[in-house]
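A.B. asks: Handing you a structure now.
Number of protein chains: 2
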Amino acid sequence: MDAPRSPARLAAALTERWSPRVVAELEDVYVKVAKVEGTLVWHRHDDEDELFYVLKGRLRLELEDRAAVALGEGELFVVPKGVGHLPVAEAECHLLLIERKTTRHTGDTTIAQTRSLADQLRPLP
Amino acid sequence: MDAPRSPARLAAALTERWSPRVVAELEDVYVKVAKVEGTLVWHRHDDEDELFYVLKGRLRLELEDRAAVALGEGELFVVPKGVGHLPVAEAECHLLLIERKTTRHTGDTTIAQTRSLADQLRPLP
């Protein structure tokens, strides 16, 4: 990355839902943006924490064995490793995500929306 | 972290300048907020990348051996490990930082504003 990037602008420019794209890397971590709407799928990452930060809109995280978390615009939350979660966006929502590079998109579950790392590393608009 | 947190609100509530505070952790990484104004000090982190994300205002990063980078509101930039840098804020600026937990505040340099990790881990308002 040679120049500054705006996650909010890059997320807004995405055309596909639930298809995260890498905007920055540091150490063994990727910073990604995503545009989401609707419900993804229950999944867990056994070995990786996952940070959700709402750039625009609202996100609900249904969590296994604990109360759901409602994230408003500008709020962040870390889903600890091993905790099953279901991201739900009642309306279009733009996210910034921080994850270890090894983190698979939909964790232990594979669905039509599951994106490979190669997909997530495609150049941004 | 049991509840969502708003980095922008937490950064705005800080009273001390150049005194980062941890708002989230995942894996070996801390996410911090800081309120800055003026000039910090030239320093480098030999082994750690450092991500700067401007929540409010503007930040200039003077960089060793390369052109300075001007970050506007909502923009992020990663200073690669080993690259000397000088953060400059002409006016009050609120930042979100992503760093490895081992990263020392002012890197290889110690000044009056240098903050210990214990300082950075104090409970937030």
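Which chain is which? The protein sequence lines are V and H, in order. My numbering puts the first residue of the first sequence at 1, with every later residue one more than the last. My numbering puts the first residue of the second sequence at 1001, with every later residue one more than the last. Idealized CB from N, CA, C, for every residue including glycine. No experiment lies behind these values; they were computed from the predicted model shown.
1. Does A118 of chain V come out as helix, strand or coil in the three-state DSSP assignment?
2. In chain order, what residues of the same chain lie with their CB nearer than 7 angstroms to the CB of E1062 of chain H, ignoring the 5 residues before and after it?
3. Out of V:V33, V:T103, V:E50 and V:F52, which has the shortest C-alpha to C-alpha gap to A24 of chain V?
4. Going by DSSP in three states, P7 of chain V sits in which element: helix, strand or coil?
5. For the beta strand (DSSP E) that contains H1105 of chain H, what are its first and last residues?
6. If you measure from the beta carbon of A8 of chain V to each beta carbon in chain H, is any gap under 7 angstroms?
7. Taking the continuous beta strand (DSSP E) assigned at K1032 of chain H, which residues delimit it?
8. Can you grab the Cα-Cα spacing for the pair W1042 of chain H / V1054 of chain H, in whole Å?
9. Which of the residues in the stretch 91-111 of chain V, read from start to end, lie with their CB under 9 angstroms from any CB of chain H?
10. In whole angstroms, what is the alpha-carbon distance linking R17 of chain V and T114 of chain V?
C.D. replies: Reading it off the structure:
1. A118 of chain V falls in the helix class under three-state DSSP.
2. Result list for E1062 of chain H: A1068, H1085, L1086 and V1088, in chain order.
3. Cα-wise, what sits closest to A24 of chain V is V:V33.
4. Reduced to three states, the DSSP call for P7 of chain V is helix.
5. It is not in any beta strand (DSSP E) - H1105 of chain H carries neither H nor E in the DSSP assignment.
6. Yes, because at least one Cβ of chain H sits closer than 7 angstroms to the Cβ of A8 of chain V.
7. Note, K1032 of chain H: beta strand (DSSP E), V1029 to T1039.
8. One alpha carbon belongs to W1042 of chain H, the other to V1054 of chain H, and they sit about 19 angstroms apart.
9. From the stretch 91-111 of chain V, only L96, I98, E99 and R100 have a Cβ closer than 9 angstroms to chain H.
10. Annotation: R17 of chain V to T114 of chain V spans about 11 angstroms, alpha carbon to alpha carbon.
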